[in-house]
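Only one structure is covered here, and it is reproduced in the block below.
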Amino acid sequence: MRRKISGYRAAMQHVGPELIELTLFGEQGGHAAASRLIDRGATAVVCGSDMMALGAIRAAEERGMNVPHDFSVVGYDDSPLIAHTNPPLTTVRQPVRDIATAAARALLDEIAGQPTPSSEYLFRPELVVRGSTGAAPRED
70 MRRKISGYRA AMQHVGPELI ELTLFGEQGG HAAASRLIDR GATAVVCGSD
120 MMALGAIRAA EERGMNVPHD FSVVGYDDSP LIAHTNPPLT TVRQPVRDIA
170 TAAARALLDE IAGQPTPSSE YLFRPELVVR GSTGAAPRED
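Going letter by letter, the sequence shown gives residues 70 to 209 in our numbering.
Here you go:
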């Protein structure tokens, strides 16, 4: 998670205020964090999990906002069934099979007495664009 936040901060350094809310990784945490961000004028949120994103959508809708026209939401994981939410959730898909294969290979190498070549593995995620994101609202 630290790496994600560090990357976000680096990208946002020249854009504007820091809008990071740390919370629990569940629907309630997403709702609470999104509520605080919306109250500070945010028009979009990238959540640490799909469940958090569902909470963020609920927070926006409770304020009379339309997702994605007034507020965009991105989840993380591409959990099964998440494409069937209303609106269908835009999310970041992790290459779970590749991650599992690398973990199993590293474990088997360690068991065999062969040191693993790396203590850190990087995988390329995929943005799956669905119906919870849209163009930024126009400023009046």
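Cβ coordinates follow ideal geometry from the N, Cα and C atoms, glycine included.
Model, not experiment: these values are computed from the prediction.
Under 8 Å between C-beta atoms of residue i and residue j
| i | j | result |
| --- | --- | --- |
| residue 201 | residue 170 | no |
| residue 199 | residue 152 | yes |
| residue 88 | residue 71 | no |
| residue 96 | residue 133 | no |
| residue 101 | residue 114 | no |
Contacting residues, own chain, Cβ-Cβ under 6 Å from residue i (five flanking each side not counted)
| i | result |
| --- | --- |
| residue 147 | 160, 162, 197 |
| residue 129 | 136, 140 |
| residue 167 | 192 |
| residue 157 | 199, 200 |
Host alpha helix (DSSP H) of residue i (start-end)
| i | result |
| --- | --- |
| residue 108 | 96-108 |
| residue 195 | It is not in any alpha helix (DSSP H) - residue 195 instead sits in the beta strand (DSSP E) that spans 195-197. |
| residue 147 | Run containing residue 147: none; DSSP gives neither H nor E here. |
| residue 124 | 119-131 |
Cut-off 7 Å between Cβ atoms - residues of its own chain near residue i, not counting five sequence neighbours on either side
| i | result |
| --- | --- |
| residue 227 | Because the chain is modelled from 70 through 209, residue 227 falls outside the range shown and cannot be assessed. |
| residue 206 | 112, 139 |
| residue 145 | 116, 117, 118, 119, 160, 161 |
| residue 126 | 136, 142, 201 |
| residue 203 | 137, 138, 141 |
Among the options, nearest to residue i - alpha-carbon criterion
| i | options | result |
| --- | --- | --- |
| residue 120 | 132, 105, 133, 143 | 143 |
| residue 91 | 80, 82, 105, 79 | 105 |
| residue 188 | 179, 157, 75 | 179 |
| residue 185 | 149, 195, 173 | 173 |
| residue 131 | 183, 164, 107 | 107 |
| residue 164 | 208, 194, 74 | 194 |
Range covered by the beta strand (DSSP E) that runs through residue i
| i | result |
| --- | --- |
| residue 113 | 113-115 |
Check: residue i C-beta below 7 Å from any heavy atom of the ligand NAP
| i | result |
| --- | --- |
| residue 104 | Ligands displayed in this structure: none; no statement on the ligand NAP is therefore possible. |
Contact set for residue i: own chain, Cβ-Cβ below 8 Å, skip 5 residues either direction
| i | result |
| --- | --- |
| residue 74 | 89 |
In chain order, which alpha helix (DSSP H) runs of at least 4 residues are fully inside the stretch 150-198?
Taking only runs of at least 4 residues, the alpha helix (DSSP H) segments lying wholly in the stretch 150-198 are 165-180.
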